[in-house]
Each structure stands twice: as structure tokens, then as C-alpha cells.
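The block underneath contains the structure these notes are about, expressed in C-alpha cells.
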Amino acid sequence: MDQGWTRYLPAPLRRRVEGHPALQRVIGNTGWLFVDNILRMGVGLLVSIWVTRYLGPEQFGLLSYTTAFVMLFSSALLGLDSIVVRNIVRNPLCRDEVLGSAFVLKLAGGIAAFFVMLAAITIIRPGDPTSRLLVGITAIGTLFQSVGVIDFWFQSQVRSKYSAYARSIAYLLTCTAKIALIAIHAPLAAFAWAGVADIALGSFGLAVAYRATGQKITAWRATRAMAKELLRDSWPLMFTEIVMLVYMRIDKIMIGEMVGNAELGIYSVATLIAEALYFIPTALATSIFPGVVAAREVSEEYFHERLQQYYNLMVLFAYLVAVPITFLAGGLVPLMFGAAYTRAAPMLVGLVWAGIFINLAIARGHYLTVMNLTRLNFVTDLLGCLLNVALNFFLIPRYGGMGAMAASCVSYWFVAHGTCFAFKDLSRTGAMMNRAIFYPKVW
41 MDQGWTRYLP APLRRRVEGH PALQRVIGNT GWLFVDNILR MGVGLLVSIW
91 VTRYLGPEQF GLLSYTTAFV MLFSSALLGL DSIVVRNIVR NPLCRDEVLG
141 SAFVLKLAGG IAAFFVMLAA ITIIRPGDPT SRLLVGITAI GTLFQSVGVI
191 DFWFQSQVRS KYSAYARSIA YLLTCTAKIA LIAIHAPLAA FAWAGVADIA
241 LGSFGLAVAY RATGQKITAW RATRAMAKEL LRDSWPLMFT EIVMLVYMRI
291 DKIMIGEMVG NAELGIYSVA TLIAEALYFI PTALATSIFP GVVAAREVSE
341 EYFHERLQQY YNLMVLFAYL VAVPITFLAG GLVPLMFGAA YTRAAPMLVG
391 LVWAGIFINL AIARGHYLTV MNLTRLNFVT DLLGCLLNVA LNFFLIPRYG
441 GMGAMAASCV SYWFVAHGTC FAFKDLSRTG AMMNRAIFYP KVW
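Counting from 41, one number per residue, gives the positions in the sequence shown under this note's numbering.
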């Protein structure tokens, strides 16, 4: 059955999607994710500009260091995400058992990570009480992330509009709070508390949305058998997520330790814009993944056809972002963030082109999950992480943020594309990536 929004499309597009309910669900679901991410990129970027101008490179760099530090230590159970979605799609009757077990695992992991983070920052920066305070505040947010398993159910049903509602409202409230903090000249710690509030309000909103759709959190049941199954299937992905976050976030920690918070503040502006622009492929990936899982059940040929379209879309949107930013970054960055951040412009250009391989890595990760080759995903990400750390070690002391950008570009390519030609199981998907890079045909 055609969804109502199709009648507003131009006739040529409407004819292409009519009679394809699965495609309509993906487009509609992606549209809601776009709303959430456009809000974050629009309103959020505007507020971030005010915050970076207010704090200055030094304090903004310290806040960025804290965020990167907490993300590294809170990543251990992120590998559950796609496994939970996969299991619910394959066996909807086990929904409550899967969600309940995933909730308990994430909550236990969050509590453990909280204390590990406090111990780690004390060892790394023993004479810096401000860093310890900021890490302690930011780490509280990890405790609320266990409620995020609700989003996995919405993803499995291709109904992400409810998640978009919850997160958008929470984000608007948090952005309003940040503006108020700037107006009253609040200290740096207040902005760390605002980040915690965003996660807490978003989690509460997800719980409300879940109940509004007729579901009950009280129906969840955690079982030892399901917890073991989730851990067994997801542990390679957990290590992969840890490794991936290391090679995507370690640059900030290394800049902060090797060059200083001010240089990190400039580099963080480049990553702030680049990551905001990654929202389209991220939204697409969330919407397309359940369909890729289902395609495998139809036939091998249909599965690879859908996978090629997936790669094509991810690369196409990377090009649509990278080309205009290449020409606009030099003027936009100082105009938006101020002259103190001018050196972030060339860093931004490099990072948006690296988005091609970030997008492909997301898609390939889903492919390996469906094919149950998650251990291979871990191996390639580990190699990329080691390469990234080595390059950062040599380049950051000499070139600062530009060195970190170059190291990121090389390691992202290596993980997503280069390793495909080193492992037999990845050779076919490597050839598919080649086609996507040189001719990203969507239709």
C-alpha cells in the first residue's frame, strides 16, 4: 500500500516509488531521521557556534577532550546495536527478551565504564582537577544510554519517527539551556551538565514514545540465555566498536596531550562540522539495514543487488557533501566561528572527503553482520586503528591538527577499502565499492 506522502512527489519520482512499499518505508523512515539530524545540524550547529565563540579554543578544546575520552570508555557495548536489530527482525516474538537482556547488559556496562573512566583520567592527568570534574560529569550520561535499546526496536520496525520526536525535543531543550548558559556567563562545567541533560531527556522521551505506541517496558525480561547469546554474537562487534572509536577519537586525545587544548579546539571545530554533515548516510544506513537483512533471506543475487545500491547511495551522498565544502570552507569557517578558528578550514576539507570511506565502512559493517563475518570486521578495524595511532604519533607533533586530519584520511581509506583486497572474503565487496566510488548509480 502506498504511503500518503508519495502524492506530493513530482510525477516522475512518484511513478518510481509507487507499488514499492518497502522502498517507501525506507524513504519515509529516513525522512524522519533527516528531521532529527537536520535539526541537530541547523539549530545545533548554530548553538555550537555560539558555544565555541564563548568558550574560545582553549576551553572548547578541553570540553572536546573530555567528550572524546568518555566516548572511548563507554563504547564497549555499542556492538549490541545491530545484533539486537537483527534478532528482532528475524524473530519478532523474542522482542521483550531481547530488549530486556540488552538493557541489563548496557546498564551494567555503563556502571562499570563510569568507574573505569574516573580511574583512568586520574592516572592520565593527575594534576588536572578540571579534567577530572568534566569527565565525572560527562560520564554520568553513559548510565542513561541503556534506555536507548528502545531505539533498536523502532529501527527494526522502520519507525524511526518516534525516536526523532524524542531526541529532537530533548535536543531543542538542551540547546535552549546552552543559550541561557552563555547569557549568564556560566562556567565550563555547566556545558558538560547540558550534555548529560540531552542524553537523559532523550532517554525519557524514548520511553514515553515506546509506551505511546502500545508497548510496555515492564514486559521486558532479561534472561541469562539471551544475554549470553547477545554477547556471543556481538563480542566481535563490541571490540570492533571500541577499535573504531579509538581510531576516530584518539586523534583528539593525542592532540590534547601532545600539542595542547587550544590546537584541539581548532581541530574540533573541523570535526564538529564534518560529523554534522555525515547525518544523511547515517540516517540512510539506519533505515536500509533491516531491508538488507531481509534481502539475504530472499536470494543471494537479490542480496548483492541491494548491497550494491547501498554502497552507491553512501558514496553519492559523500560526494554531494564533499564537493561544495571544498570550495566554501575557506570563507565559511572564519565567518561562522571567528578568526581564532580559521585554521580549521583545510582540516574540514580533508575530513569531508574522508567521509566517502566512513560511509563505506558503515555499509560494509552491516554486510559483515548479515554474513556473520563480524570477526573480520574487528581485524580490519584493529589494523586501521594501529595505523592511525602510528601516523598520529609522527604527524601530530609536527603538523598539529593537519597531521591528525591526514592520519584520519589514510586510516579511513585503509579500513573501508584497502583491506578488501587483502582478505578473500572481502574481495567481492571490494569490487562493489570500486563500482560505487567511480559510478554511484542509484537507479
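For each residue, glycine too, the CB sits at the ideal point set by N, CA and C.
Beta-carbon proximity list for residue i, same chain, < 6 angstroms, skipping 5 on both sides
{"i": "Thr-459", "result": "Thr-420"}
{"i": "Met-298", "result": "Ile-436 and Pro-437"}
{"i": "Pro-97", "result": "Ala-302, Gly-305, Ile-306 and Ala-380"}
{"i": "Arg-165", "result": "Ser-171"}
{"i": "Ala-325", "result": "Ile-402"}
{"i": "Val-144", "result": "Ala-262"}
{"i": "Phe-100", "result": "Thr-92 and Gly-305"}
{"i": "Gly-383", "result": "Going by the sequence as given, residue 383 is Arg instead of Gly. Same-chain partners within the cutoff: Ile-306."}
Alpha-carbon to alpha-carbon, residue j and residue i
{"i": "Ala-220", "j": "Thr-214", "result": "10 angstroms"}
{"i": "Tyr-351", "j": "Ser-196", "result": "20 angstroms"}
{"i": "Asn-432", "j": "Met-442", "result": "10 angstroms"}
{"i": "Ile-477", "j": "Gly-395", "result": "12 angstroms"}
{"i": "Glu-269", "j": "Gln-349", "result": "31 angstroms"}
{"i": "Phe-109", "j": "Arg-289", "result": "8 angstroms"}
{"i": "Asp-168", "j": "Ser-243", "result": "31 angstroms"}
{"i": "Ala-142", "j": "Ala-259", "result": "14 angstroms"}
{"i": "Ile-239", "j": "Asp-273", "result": "27 angstroms"}
{"i": "Ile-161", "j": "Ile-222", "result": "27 angstroms"}
{"i": "Ser-451", "j": "Phe-461", "result": "15 angstroms"}
{"i": "Ala-249", "j": "Ser-308", "result": "33 angstroms"}
{"i": "Pro-276", "j": "Leu-416", "result": "8 angstroms"}
{"i": "Gly-140", "j": "Gln-255", "result": "13 angstroms"}
{"i": "Gly-296", "j": "Tyr-105", "result": "7 angstroms"}
Close Cβ partners of residue i (< 7 angstroms) along its chain, the five nearest in sequence each way excluded
{"i": "Arg-404", "result": "Ala-456 and Thr-469"}
{"i": "Tyr-479", "result": "none"}
{"i": "Pro-386", "result": "Met-442"}
{"i": "Leu-312", "result": "Ser-88"}
{"i": "Val-410", "result": "Val-332, Val-333 and Arg-336"}
Selection from the options that minimises the alpha carbon distance to residue i
{"i": "Ala-262", "options": "Leu-173, Arg-135, Arg-165 and Val-355", "result": "Arg-135"}
{"i": "Ala-252", "options": "Val-236, Met-266, Ala-206 and Ile-282", "result": "Ala-206"}
{"i": "Phe-113", "options": "Val-125, Gly-140 and Met-157", "result": "Met-157"}
{"i": "Trp-233", "options": "Phe-194, Thr-107, Trp-275 and Leu-86", "result": "Thr-107"}
{"i": "Phe-87", "options": "Ile-190, Asp-273, Lys-218 and Trp-393", "result": "It should be noted that the sequence gives Val, not Phe, for residue 87. The residue with the shortest Cα to Cα distance from Val-87 is Lys-218."}
{"i": "Leu-360", "options": "Val-338, Leu-317, Leu-347 and Asp-273", "result": "Leu-317"}
{"i": "Asn-131", "options": "Val-175, Val-450, Met-266 and His-225", "result": "Met-266"}
{"i": "Arg-126", "options": "Leu-353, Pro-330, Ile-282 and Pro-374", "result": "Pro-330"}
{"i": "Leu-358", "options": "Arg-383, Val-392, Thr-366 and Val-373", "result": "The sequence given here places Ala at residue 358; Leu does not occur at that position. Ranking Arg-383, Val-392, Thr-366 and Val-373 by Cα distance to Ala-358 puts Val-392 first."}
{"i": "Leu-368", "options": "Phe-343, Gly-424, Leu-388 and Val-355", "result": "Leu-388"}
Supposed contact pair residue j and residue i - C-beta distance, whole angstroms, cut 8 angstroms
{"i": "Ala-446", "j": "Gly-390", "result": "7 angstroms"}
{"i": "Asn-428", "j": "Tyr-287", "result": "4 angstroms"}
{"i": "Leu-95", "j": "Leu-103", "result": "7 angstroms"}
{"i": "Leu-246", "j": "Val-175", "result": "Actually they are not in contact, since the Cβ atoms of Leu-246 and Val-175 sit about 25 angstroms apart, beyond 8 angstroms."}
Contact with chain B by residue i, beta-carbon distance below 8 angstroms
{"i": "Arg-93", "result": "The question asks about chain B, but that chain is absent: this structure has only one protein chain."}
Any non-hydrogen atom of the ligand HEM closer than 7 angstroms to residue i Cβ
{"i": "Tyr-307", "result": "Because no ligand of any kind appears in the structure shown, any question about the ligand HEM cannot be addressed here."}
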